[in-house]
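> Chain order of the listed sequences is A and B.
Position 116 of the first sequence, counting from 1, maps to 116 under my numbering, and the rest follow consecutively.
Position 173 of the second sequence, counting from 1, maps to 407 under my numbering, and the rest follow consecutively.
Every residue gets a Cβ at the ideal spot worked out from N, C-alpha and C, and that includes glycine.
Please see the structure below; I have some questions.
There are 2 protein chains.
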Amino acid sequence: MTTYNNQSKLLAAVDCIIFGFDGLHLKILLIKRGFEPALGQWSLMGGFIKKNEDLDEAATRILKKLTGLEGIYLEQLHAFGQPGRDPIDRTISVAYFALIDIHQYEKQLSNDYHPEWFNLNEIPKLIFDHTLMVEAAKEKLRYKAAMHPILFELLPNKFTLPQLQTLYEEIYSASLDKRNFSRKILSTGLLIRQKEKDKINSRRGAYYYKLDKGKYEKKFQSFLNIIPNSHKLR
Amino acid sequence: MTTYNNQSKLLAAVDCIIFGFDGLHLKILLIKRGFEPALGQWSLMGGFIKKNEDLDEAATRILKKLTGLEGIYLEQLHAFGQPGRDPIDRTISVAYFALIDIHQYEKQLSNDYHPEWFNLNEIPKLIFDHTLMVEAAKEKLRYKAAMHPILFELLPNKFTLPQLQTLYEEIYSASLDKRNFSRKILSTGLLIRQKEKDKINSRRGAYYYKLDKGKYEKKFQSFLNIIPNSHKLR
DNA sequence: CAAGATTCGTGTCAAATTAACACTAATTGA
DNA sequence: TCAATTAGTGTTAATTTGACACGAATCTTG
């Protein structure tokens with residue numbers, strides 16, 4: 001026997017939950033589905049896995065197709081395989097979540113997909129089980145960000161501590177003490193203060209910081225405890 | 235258009251990494267593959283996903299087929315989809331990991347699969363990408379157990395603190411201070427001390443404990459910090 | 001150009017948590 | 001009954017955490 005007989009084949013797809021942060025709110029990028037079924041309805045960006053493509057490759061390809069971006073933080077989230085989740089044909093979808101700097105994205109809007117950013121609490125009805133996927137992605141992002149220095153991926157190359165704090169506050173719907181926050185963040189040693197200040201968002205101006213890339217790679221697995229009592233969440 | 239034309243279909247499978255603990259060592263259960271290709275080689279227990287089956291269902295079915303057990307801790311680990319990972323036909327496999335009480339298993343060995351338990355550091359060469367899967371499962375188990383009270387799943391209904399400590403020590407290749415260990419574990423309030431003692435493993439005997447199931451469900455998300463400096467691991 | 005408004009940046013202290021550490025108690029087997 | 005083994009427990013010092021408030025820098029406006 002050199003084939004697997006009698007096993008039913010099915011379609012395999014990838015869907016991407018793309019997070020961005022506009023300085024105030026955490027958002028995800030949705031598209032208007034361009035083909036039947038559910039043409040015109042809001043959907044995650046996705047696509048079928050090609051014949052000679054690995055899952056990660058497929059996700060990277062799809063992310064690039066929508067955003068034009070490469071070298072993005074991308075992580076496999078979960079495989080979804082309910083029979084009937086796609087009404088047309090049995091399809092397993094492997095969901096990925098991506099964190100992008102929303103400003104890099106905005107520069108190049110040229111798409112057939114009519115993509116739009118939605119605040120997390122204003123997400124429209126989505127096709128299939130995409131709402132489930134988004135929920136799972138939100139949860140995983142919160143889980144992971146409580147322990148790993150991951151949220152930098154949502155900010156520009158240079159960012160300020162107030163920006164970073166706002167992002168944490170948005171993600172955890174919590175307000176944080178800025179003295180404790182900066183103490184914890186700076187104690188990781190991951191940030192390098194720049195000489196320039198951001199004078200756009202305040203009169204006085206806040207120092208820009210950059211990630212220490214070397215330490216970032218090494219320390220990625222380190223656990224932060226940015227959110228006081230984050231272990232009591234949920 | 236009411237079908238997805240021109241998309242290539244493929245096979246979808248589930249593979250299970252089954253962990254057990256014999257009181258001394260953490261082990262995984264492997265089988266001798268019963269069909270070509272790679273007949274007779276060591277492999278994870280797995281199977282194709284059926285026509286009307288969800289992924290979790292498939293994993294549950296496969297776990298039951300091998301161990302006879304139901305109601306087992308089972309969690310999706312990762313989807314593996316390298317083209318060519320199965321030399322016969324393009325197959326995506328969704329890996330699950332399971333934690334079982336090895337003693338419940340031992341009671342009923344009656345299998346065509348010739349299953350055997352292997353210590354984690356004595357795992358033989360496995361087919362396809364199963365070695366990768368096992369590595370990922372080990373890592374995830376260590377990650378998760380550092381923060382969630384999950385290891386009880388590997389122990390019998392009644393267990394002693396020394397047993398539990400040995401399990402933690404085995405998983406993290408660390409030796410722990412038993413005073414600090416018991417303080418931390420008991421402070422979760424998850425354990426209920428029984429009146430009987432385990433007189434098998436020591437002369438003096440150690441109290442048995444049972445899980446407080448109610449609190450366990452509620453507190454599952456709680457973060458423990460059993461391993462001092464677990465955040466410095468890896 | 002002075003006064004007011006805004007937001008940034010920083011330090012202390014008390015409370016809680018953590019890690020390090022050693023001895024007595026219970027039981028069995030010789 | 002003595003020796004050997006393993007269980008069970010408490011204190012202290014160090015570290016980490018959370019709560020808390022004010023002066024500094026800069027821009028705007030009158």
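Would you verify that the beta carbon of LEU164 of chain A is, or is not, closer than 8 Å to some beta carbon of chain B?
Answer no: the Cβ-Cβ gap between LEU164 of chain A and chain B never drops below 8 Å.
> Kindly indicate the opening and closing residues of the alpha helix (DSSP H) around SER327 of chain B.
Premise fails: SER327 of chain B lies in the beta strand (DSSP E), 325-333, not in any alpha helix (DSSP H).
> Around the Cβ of PRO149 of chain A, are there at least 16 other Cβ atoms within 10 angstroms (buried) or fewer (exposed)?
buried
> Please report the distance separating the alpha-carbon of PHE282 of chain B from that of SER187 of chain A.
49 Å
> Using 10 angstroms around the beta-carbon of LYS261 of chain B, count the other beta-carbons present and answer buried if the total reaches 16, otherwise exposed.
buried
> For MET45 of chain A, write down the residues that DSSP places opposite it in a beta bridge.
According to DSSP, MET45 of chain A bridges with A:CYS16.
> Restricting to Cα atoms, I'd like to know which of B:LEU300, B:PRO317, B:ILE334 is closest to TYR307 of chain B.
B:ILE334
> Report buried or exposed for THR67 of chain A, applying the criterion of at least 16 other Cβ atoms within 10 angstroms of its Cβ.
buried
> Are the C-beta atoms of TYR406 of chain B and some chain A residue less than 8 Å apart?
no
> Tell me which residue opens and which closes the beta strand (DSSP E) that ALA313 of chain B is part of.
307-314
> Measure the alpha-carbon distance for HIS337 of chain B versus LEU398 of chain B and round it to whole angstroms.
Distance between the alpha carbons of HIS337 of chain B and LEU398 of chain B: 15 Å.
> Excluding the 5 residues flanking LEU29 of chain A on each side, which residues of the same chain have their C-beta closer than 6 Å to its C-beta?
If you ignore the 5 residues before and after LEU29 of chain A, its C-beta comes within less than 6 Å of the C-beta of ILE18, PRO115, TRP117, all in its own chain and listed in chain order.
> Is it true that the CB of PHE454 of chain B sits closer than 8 Å to the CB of MET367 of chain B?
no
> Could you check how far apart the C-beta atoms of ILE460 of chain B and TYR377 of chain B are, in whole angstroms? I think they sit under 8 Å.
The Cβ separation is near 13 Å, so there is no contact.
> To the nearest angstrom, how far is it from the Cα of ILE326 of chain B to the Cα of ASN345 of chain B?
26 Å
> Less than 8 Å between the C-beta atoms of ASP15 of chain A and GLY46 of chain A, yes or no?
yes
> Starting from SER421 of chain B, find everything on chain A with Cβ-Cβ shorter than 7 Å and list it in chain order.
Under the 7 Å cutoff, chain A gives no residues; its nearest Cβ is about 13 Å from SER421 of chain B.
> With burial defined as no fewer than 16 other Cβ atoms inside 10 Å of the residue's Cβ, what is the status of ASP89 of chain A: buried or exposed?
exposed
> Using CA coordinates, which residue listed in A:ILE200, A:LEU44, A:LEU10 is at the minimum distance from LYS125 of chain A?
A:LEU44
> Got a sec: is the Cβ-Cβ distance from GLY280 of chain B to anything in chain A below 8 Å?
no
> Taking only three categories from DSSP, how would you classify ILE127 of chain A?
coil
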